[in-house]
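Trainee: For the sequence shown, the positions run 287 to 619 when this note's numbering is used. Note that the Cβ used here is the ideal one computed from N, Cα and C, for glycine as well. Because the structure is a prediction, the values reported are computed rather than measured. Structure in structure tokens, see below.
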Amino acid sequence: MRNLTASILLAIGLTGTAFADNAPVSQTEQPTTAAVSSTASTQNTTTPDNGVAKPAEPSTTGTENKVDGSQGTATEGANTSSENIIGAPSTSETVVEETSTEIITGGGFAQNLSVMEMFYNADIVVKSVMIGLTLASIVTWALFFAKGIFLLGLRGRLRKETSQLAEVKTLNEGLALSETFGKKSATADFFADAELEREYSKDSKIAEGIKERVEMRMERRVAAIIRDLGRGNGYLATIGAISPFIGLFGTVWGIMNSFIGIAHSQTTNLAVVAPGIAEALLATAIGLIAAIPAVIIYNIFARMISGYRGEVSDIAAGVVTLVSRDLDIENSK
287 MRNLTASILL AIGLTGTAFA DNAPVSQTEQ PTTAAVSSTA STQNTTTPDN
337 GVAKPAEPST TGTENKVDGS QGTATEGANT SSENIIGAPS TSETVVEETS
387 TEIITGGGFA QNLSVMEMFY NADIVVKSVM IGLTLASIVT WALFFAKGIF
437 LLGLRGRLRK ETSQLAEVKT LNEGLALSET FGKKSATADF FADAELEREY
487 SKDSKIAEGI KERVEMRMER RVAAIIRDLG RGNGYLATIG AISPFIGLFG
537 TVWGIMNSFI GIAHSQTTNL AVVAPGIAEA LLATAIGLIA AIPAVIIYNI
587 FARMISGYRG EVSDIAAGVV TLVSRDLDIE NSK
């Protein structure tokens, strides 16, 4: 009985020992075992035994190489990415370049260089010059239309009256006919002056003296008519003479301001320089626009008044002729 019990206990002990030897390694012990085997493999690979190199067994060396390779690849990728980032233009730079391209292709300047924009952006002195020259141009064209229509009407009316006086033989007939021409008729004024002088000189017996006085009255009347017609021509002459110089003054002032702006901005970029120079040159352009029509219109009016003066002088000479004829007829009786 005792032997049987001892045999059973011995069998149980041997069975437990066998199970303990065949039990799997725990997760905590596996890395340690792998590390020990890896170290042993590395030592076997790197340390020759009796001068004969043993083949390297798979170990953590490959893992380390892989790690090193992956690290090298990662480093190279990082460097490449950094180089790409540094070499590539930033978003802001691209936007600036696109904006600059759009500015250049859109006219060359960031500002809108229209006439009104240049006027609004001009200096107060240049702006005053522009306004003054614009008013001068308005006066020029107002005189052109108003006085031009008036002179054309006078010439047409005078020619009509001259044709009606062609058959008049005495001063009394001419005086009666001129009363139908109206109060503003130059012909009626000539006949009225001649009749007035004849009335003043009715007691005089010297016909030559009466004719001389009538001629003087006619000359004064012609001079008065031409003087009235010449009103406004002085404005045209003045505008035509000084407008270019006023515009030049505005240009010089504007260019001075442009140079001051260049000095402050410390750049000679065309986009900075051009607007100020354009504003300055606009003053000269307006001066020429005011001066050139003024000179042309002045010459047109001068020719029209000169022609009208010749026609009025012919009527005055006709009135003197009628007075002289009447005096000769009276003295011959």
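Would you decide whether Trp539 is buried or exposed? Buried here means 16 or more other CB atoms lie within 10 Å of its CB.
Mentor: buried
Trainee: Restricting to runs no shorter than 4 residues, where is the alpha helix (DSSP H) found entirely within the segment 468-499?
Mentor: 472-486
Trainee: Gln450 by DSSP, collapsed to three states: which one?
Mentor: helix
Trainee: The alpha helix (DSSP H) that contains Thr607, what's its start and end?
Mentor: Leu556 to Ser618
Trainee: Taking only the alpha-carbon atoms, compute the straight-line gap between Phe531 and Glu459 and give it to the nearest angstrom.
Mentor: 56 angstroms
Trainee: Give me the residue from Leu421, Tyr594, Asp612 and Tyr406 with the minimum Cα distance to Ala510.
Mentor: If we check each option's Cα against that of Ala510, Tyr594 comes out closest.
Trainee: Taking only the alpha-carbon atoms, compute the straight-line gap between Ile496 and Lys446 and give it to the nearest angstrom.
Mentor: 29 angstroms
Trainee: With a CB to CB cut of under 8 angstroms and the five nearest residues on each side skipped, what residues in its chain are close to Met416?
Mentor: Phe405, Ala408, Gly536, Leu568, Ala569 and Ile572
Trainee: Just to confirm the assignment, what range does the alpha helix (DSSP H) spanning Ala523 have?
Mentor: Annotation for Ala523: the continuous alpha helix (DSSP H) segment containing it runs Asn519 to Ser551.
Trainee: Excluding sequence positions up to five away, which residues of its chain have a Cβ less than 7 angstroms from the Cβ of Ala576?
Mentor: Leu419, Ala422, Ser423, Thr426, Ile525 and Ser529
Trainee: Excluding the 5 residues flanking Asp612 on each side, which residues of the same chain have their C-beta closer than 7 angstroms to its C-beta?
Mentor: Thr456 and Leu457
Trainee: Compare the Cα-Cα distances from Asn585 to each of Glu565, Val500 and Tyr521 and report the closest residue.
Mentor: Tyr521
Trainee: Can you tell me whether Val401 is buried or exposed, with buried defined as 16 or more other CB within 10 angstroms of its CB?
Mentor: exposed
Trainee: Given Thr318, which residues of its chain have a CB within under 6 angstroms of its CB, disregarding the five upstream and five downstream residues?
Mentor: Reliability of the predicted coordinates at Thr318 is poor, the pLDDT of 39 falling under 50, and the value obtained from them is presented with this limitation in mind. Answer for Thr318: no residue qualifies.
Trainee: How big is the Cα-Cα spacing for Val581 and Gly533?
Mentor: Whole-angstrom Cα-Cα distance: 16 angstroms.
Trainee: Pull up the distance between the alpha-carbon of Arg517 and that of Ile583, whole angstroms please.
Mentor: 13 angstroms
Trainee: Going by CA-CA distance only, name the one from Leu440, Glu597, Asp479 and Leu556 that's closest to Met502.
Mentor: Asp479
Trainee: Look up Gly418 in the DSSP assignment and say whether it is helix, strand or coil.
Mentor: helix
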